[in-house]
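Student: Please read through the structure below; I'll follow up with questions.
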Ligand SMILES: Cc1cc2nc3c(=O)[nH]c(=O)nc-3n(C[C@H](O)[C@H](O)[C@H](O)COP(=O)(O)OP(=O)(O)OC[C@H]3O[C@@H](n4cnc5c(N)ncnc54)[C@H](O)[C@@H]3O)c2cc1C
Ligand code: FES
């Protein structure tokens, strides 16, 4: 297969591109839309908003999720909020500023045109969600309230208590439920997509497994949309929901879709540190806490004293010290690495020495306990529930944890992968955040893709297929893939080894976290690249999956997901090794400034690295999409 | 700490269902309840017995996927807490813990501790929304919403759809879930045009699946989000009104 990476970025001034593009691309006439069938895999924010909108437009939609209902998805856990360029607080925000902040925050590794469009449609998202009944926070006059969020100097974040993701997802879920009720969307819940099916170089449909009874079946359509989320769970411990996985994207990758910038992952600075070996996931404490909490460690290494016994003069408020202008609000990657360095210097706090303090004592003194409680009461309660410590009295302990993946399937301006007819939206694609995502921008991007971009751009592809039928599922392309899926499932059950799937997942996570986590080095990455295939080999020989294939079997579901994580892990390390610069969440220890900050190499690495699958055990091959910056001037990020 | 478990196993090799006993030894009181089950499952796998199947995802009390009957209480002994947020320190060493799935005719068991709660979606599909197609929305600040109304709406919208209310109810009624959705939308100006229609459509479908509410209020106690039964009173009021108003609309005074 020859691969051409055409970003399809429209010509003209950036402010007019999206308008011009919508005018220039082909439309499907309203009465013809019902003649097209579209499969949407995933019903998180991106998938639910896309499925609902496509159905409203008149397309025939089939939606799939491995969850038991579309009201659930990882999106539901987002706490902090969603950005938009409304400028309601009149503090100087604008589409251009949101665009600029996002490109800069992404450390100049994203496509300008996509980011500009994101900023443009951001305002419509807030309008849409409000009309759907999303109960955003309001001021006493009844108008929408905003707050500021890490990395921004304006207040542009809309929120619904600490449950913004939940409320936005319920809005999209309800819009989708309405279409299901009207008969415009056919829903498949507890149904996991295990393969993309291609015919003559075009996406023809998918093969799924019914998680309640193991039935493997084919579904065909004119186009397939993947809205299947990110891959932070490659690290085993992350803030992601337990079931988040890369399988859908990975299976598409194995069919030829390119995986872009897989090494760009984000570590979130404020999570509750792990408490023991069996910890199953890490809980995020909203970043908004950094507005009033001060981060510190003891100036002395291995200090065994309790936090409150360490006198003020012996504390190191290291973010305030190193970054006087942003202080405790320094961007995620910057403050995560600073915490990592403290732990490396043996200054970690808590029973396992794996955290730093986030202290509210000063704010409580200044503002009163009631104000702090009104702002963060629910978060404090959550913290106490998990740790059994009262953060009004002792400082919280926090530590960075894998949280978000900027990398993902390569897509063009239309959000189509390099495989015609296969689209990727939401966290599953790589499109808008470059090497680092700003807080409250993932919800914005997922909903921008789903409500306002994909439903229009998809018409340009579909227009060619008017009055054609989708490939019938009796076609050999489907039956062959069904067979391959069934064989793979049987193989996991037949291995009858000695170790559980989770054991392998945890081991993989350890390799990834130490070598391809917050700081990466050539030697560490090379080590990982030799350890991962060895562990994968062992997995193939020694994994133990009990039970049957024609029954609900969670270990079997996991086996397939972990097997795909192994392959993904390799390309992540390969990408990280290849990118001999530091940018955003990708920090190569060999490439840092004298002050220990990320050092980009714009001459050699101002491009998207899009990797092509070459087969099991073969090294992936890199393709480049050069990045051009016409509207934002490249600069070394500084948060001092 | 060491605990004994009596766990409901059903489906697959276990057929129609029965309790099985397991022991969980050397569990850290810092472990969450579900992490304790993970450990038991690792041991079962090592011993060659199929692990216990239970639903979970976010493990931070927001997605509503988890839901176990623990010692006869939905989500266990700690109020305002979903199963996944419960920690072993809430149990005592040597205790026997009985773990069952939600029991309700509307929630058939799929396997072991996993039930099918899709009846909830059927209720939402007929009216649990505001009909506004993408792109049709006016500016978000065009309609101010009194802060108290937005807050009360949010209180109801906090429902995670876990089904504890149904599991707690002696009649397996779906009132608290339905009322929460109705309350969320009907307290906002945006939700007014469809308000009575929404009440009627959702209640009619609810009654097809669930038992009748006779005001036991067990649901409010069991709800991990503390949703108030006041919303049920509002739903009932709107439902009665809907009978009248819709008949008026249909010219059948
Ligand atoms: C704790 C936490 C807090 C966050 N807070 C914020 C915040 O405040 N602001 C912000 O902007 N962002 C936040 N984020 C990030 C944001 O929540 C996510 O990036 C975003 O919600 C992803 O949405 P999505 O629709 O792309 O994917 P998801 O919500 O992950 O949805 C994926 C969907 O795909 C389905 N799926 C996946 N694979 C398959 C398959 N093989 N077959 C069938 N179905 C499949 C799943 O069932 C699900 O429906 C947060 C993330 C975390 C972890
Ligand atoms: S697992 Fe999400 S609420 Fe318990």
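Chains as they are written, first to last, in our numbering: chain V, 1 to 640; chain E, 641 to 893.
For every residue, glycine included, the Cβ atom is placed at its ideal position computed from N, Cα and C.
1. Within 10 Å of its beta-carbon, does residue 6 of chain V have 16 or more other beta-carbons around it, so buried, or fewer, so exposed?
2. Is the beta carbon of residue 612 of chain V closer than 8 angstroms to that of residue 619 of chain V?
3. The alpha helix (DSSP H) with residue 824 of chain E in it runs from where to where?
4. Measure the C-alpha to C-alpha separation of residue 407 of chain V and residue 839 of chain E and round it to an integer number of angstroms.
5. What in chain V is Cβ-close to residue 778 of chain E, meaning under 8 angstroms?
6. Assign residue 893 of chain E to one of two classes, buried (16 or more other C-beta atoms within 10 Å of its C-beta) or exposed (fewer than that).
7. Excluding sequence positions up to five away, which residues of its chain have a Cβ less than 7 angstroms from the Cβ of residue 625 of chain V?
8. Enumerate, from N- to C-terminal direction, the unbroken beta strand (DSSP E) stretches of 3 or more residues contained entirely within the stretch 144–196 of chain V.
9. Might you give, ordered along the chain, the residues of its own chain that have their beta carbon closer than 6 angstroms to the beta carbon of residue 646 of chain E, omitting 5 neighbours on each side?
10. Does residue 751 of chain E have its Cβ less than 8 angstroms from a Cβ in chain V?
11. Please look up how many angstroms separate the CB atoms of residue 65 of chain V and residue 191 of chain V, rounded, as I've assumed it's under 8 angstroms.
12. Going along the chain, which residues of its own chain have a beta-carbon closer than 8 angstroms to the beta-carbon of residue 461 of chain V, five neighbours each way excluded?
13. Anything in chain E within Cβ reach of residue 170 of chain V, meaning under 7 angstroms, just list it in chain order.
14. Given that a residue counts as buried once 16 or more other Cβ atoms are within 10 Å of its Cβ, and exposed if not, what is residue 466 of chain V?
15. Suppose you measure from the CA of residue 279 of chain V to the CA of residue 675 of chain E; what does that come to, to the nearest Å?
16. Just how far apart, CA to CA, sit residue 180 of chain V and residue 170 of chain V?
17. Buried or exposed: which applies to residue 52 of chain V, given that a residue is buried once 16 or more other Cβ atoms fall within 10 Å of its Cβ?
18. Grab the span of the beta strand (DSSP E) containing residue 624 of chain V for me, first residue to last.
19. Considering only DSSP beta bridges, list what residue 672 of chain E is partnered with.
20. Quick check on DSSP: helix, strand or coil for residue 893 of chain E?
21. Need the endpoints of the beta strand (DSSP E) that residue 649 of chain E sits in, please.
22. Could one say the Cβ of residue 548 of chain V lies closer than 8 angstroms to chain E's Cβ atoms, at least one of them?
23. For residue 763 of chain E, report the span of its alpha helix (DSSP H) as first-last.
24. For a quick check, are the C-beta atoms of residue 427 of chain V and residue 440 of chain V less than 8 angstroms apart?
25. With 8 angstroms as the threshold, decide whether the Cβ of residue 694 of chain V is near any Cβ in chain E.
26. In this structure, does DSSP put residue 500 of chain V in helix, strand or coil?
27. Looking at chain V, is there any beta carbon in it that lies within less than 8 angstroms of the beta carbon of residue 774 of chain E?
28. Taking 7 angstroms as the limit between beta carbons, can you name the residues of its chain near residue 400 of chain V, skipping five residues before and five after?
29. What are the residues of the stretch 50–73 of chain V that lie near chain E, defined by any Cβ-Cβ distance shorter than 9 angstroms?
30. Between which residues of its own chain and residue 298 of chain V is the CB-CB distance below 8 angstroms, once the five residues before and five after are set aside?
31. Kindly list, in the order they appear in chain E, the residues whose Cβ is closer than 9 angstroms to that of residue 88 of chain V.
32. Give every residue of the same chain whose Cβ lies closer than 6 angstroms to the Cβ of residue 797 of chain E, excluding the five residues on either side of it in the sequence, and list them in chain order.
33. Ligand 1 heavy atoms versus the CB of residue 64 of chain V: any closer than 7 angstroms?
34. Taking a contact to mean a Cβ-Cβ separation below 8 angstroms, would you say residue 411 of chain V touches residue 206 of chain V in this structure?
Tutor: Let's see:
1. Sequence index remark: in the first chain, residue 6 of chain V carries index 6 (1-based). With fewer than 16 Cβ atoms within 10 Å of its Cβ, residue 6 of chain V is classed as exposed.
2. Reading the first chain from its first residue, position 619 is the one you call residue 619 of chain V. Reading the first chain from its first residue, position 612 is the one you call residue 612 of chain V. No; because the gap between Cβ atoms is not below 8 angstroms, this pair is not in contact.
3. Here residue 824 of chain E refers to the residue found at position 184 when the second chain is read from its first residue. Where residue 824 of chain E is concerned, the enclosing alpha helix (DSSP H) stretches over 815–826.
4. Counting from 1 along the first chain, the entry for residue 407 of chain V is found at position 407. Counting from 1 along the second chain, the entry for residue 839 of chain E is found at position 199. So the two alpha carbons sit approximately 44 angstroms from each other.
5. Your numbering for residue 778 of chain E matches position 138 in the second chain. What residue 778 of chain E touches in chain V: 127 and 131.
6. Here residue 893 of chain E is taken as the residue at index 253 of the second chain, counted from 1. Note that residue 893 of chain E scores 43 on pLDDT, short of 50, meaning its location in the model is unreliable; the coordinates nonetheless yield the value given after this. Burial is judged here by how many other beta carbons sit within 10 angstroms of a residue's own beta carbon; residue 893 of chain E has fewer than 16 and is exposed.
7. Here residue 625 of chain V refers to the residue found at position 625 of the first chain. Taken in chain order, the residues that qualify are 5, 7, 607, 608 and 610.
8. 185–188
9. Counting from one through the second chain, the residue named residue 646 of chain E turns up at place 6. Taken in chain order, the residues that qualify are 659, 661 and 738.
10. As a first step, residue 751 of chain E is located in the second chain; it is residue number 111 there, counting from the start. Output row for residue 751 of chain E: interface = yes.
11. Residue mapping note: residue 65 of chain V aligns to position 65 of the first chain, counting from 1. Residue mapping note: residue 191 of chain V aligns to position 191 of the first chain, counting from 1. 7 angstroms between Cβ atoms; contact.
12. Numbered from its first residue, the first chain carries residue 461 of chain V at position 461. In chain order, 223, 414, 416, 420 and 421 place their CB closer than 8 angstroms to the CB of residue 461 of chain V, counting only its own chain and leaving out the 5 sequence neighbours on each side.
13. Within the first chain, the letter at position 170 stands for residue 170 of chain V. Within 7 angstroms Cβ-Cβ: 797.
14. Sequence index remark: in the first chain, residue 466 of chain V carries index 466 (1-based). Result: exposed.
15. Indexing the first chain from 1 puts residue 279 of chain V at position 279. Indexing the second chain from 1 puts residue 675 of chain E at position 35. If I take the Cα positions, the gap works out to 7 angstroms.
16. The residue you call residue 180 of chain V lines up with position 180 of the first chain. The residue you call residue 170 of chain V lines up with position 170 of the first chain. Rounded to the nearest angstrom, the two C-alpha atoms are 15 angstroms apart.
17. If you number the first chain from 1, residue 52 of chain V lands on position 52. Within 10 angstroms of the beta-carbon of residue 52 of chain V lie 16 or more other beta-carbons, which makes it buried.
18. Here residue 624 of chain V refers to the residue found at position 624 of the first chain. That run of the beta strand (DSSP E) goes 621–626.
19. For the purposes of this step, residue 672 of chain E is taken as residue 32 along the second chain, with counting starting at 1. Its beta-bridge partners are E:727.
20. Start at 1 with the first residue of the second chain, and residue 893 of chain E comes out as number 253. The predicted position of residue 893 of chain E is uncertain, since its pLDDT is 43 and thus under 50; no value can be drawn from it.
21. Sequence index remark: in the second chain, residue 649 of chain E carries index 9 (1-based). If you look at residue 649 of chain E, you'll find it in the beta strand (DSSP E) that goes 643–649.
22. Residue 548 of chain V sits at position 548 when you count from the first residue of the first chain. Yes, its Cβ sits closer than 8 angstroms to a Cβ of chain E.
23. Start at 1 with the first residue of the second chain, and residue 763 of chain E comes out as number 123. Note, residue 763 of chain E: alpha helix (DSSP H), 759–767.
24. In the first chain, counting from the first residue as 1, residue 427 of chain V sits at position 427. In the first chain, counting from the first residue as 1, residue 440 of chain V sits at position 440. No, these two residues do not count as a Cβ contact at 8 angstroms.
25. The requested residue 694 of chain V does not occur in the structure, where chain V is confined to residues 1 to 640.
26. For the purposes of this step, residue 500 of chain V is identified with residue 500 of the first chain, where counting begins at 1. Reduced to three states, the DSSP call for residue 500 of chain V is coil.
27. Position 134 of the second chain holds residue 774 of chain E. Yes, residue 774 of chain E counts as interfacial toward chain V.
28. The residue given as residue 400 of chain V occupies position 400 in the first chain. Here the set comprises 267, 268, 269, 271, 336, 339, 340 and 518.
29. 52, 53, 56, 57, 67, 68, 69, 70, 71, 72 and 73
30. Taking the first residue of the first chain as 1, we reach residue 298 of chain V at position 298. Correct list, in chain order: 305, 310, 314, 315, 316, 347 and 349.
31. The residue you call residue 88 of chain V lines up with position 88 of the first chain. Taking a Cβ-Cβ threshold of 9 angstroms, the residues of chain E close to residue 88 of chain V are 780 and 781, in chain order.
32. Residue mapping note: residue 797 of chain E aligns to position 157 of the second chain, counting from 1. A distance below 6 angstroms between beta-carbons, with the five flanking residues on each side excluded, links residue 797 of chain E to the following residues of its chain, in chain order: 824.
33. Locating residue 64 of chain V in the first chain gives position 64, counting from the first residue. Checking every heavy atom of ligand 1 against the Cβ of residue 64 of chain V, one is found closer than 7 angstroms.
34. Residue numbering aside, residue 411 of chain V sits at position 411 when the first chain is read from its first letter. Residue numbering aside, residue 206 of chain V sits at position 206 when the first chain is read from its first letter. Cβ atoms of residue 411 of chain V and residue 206 of chain V: not closer than 8 angstroms.
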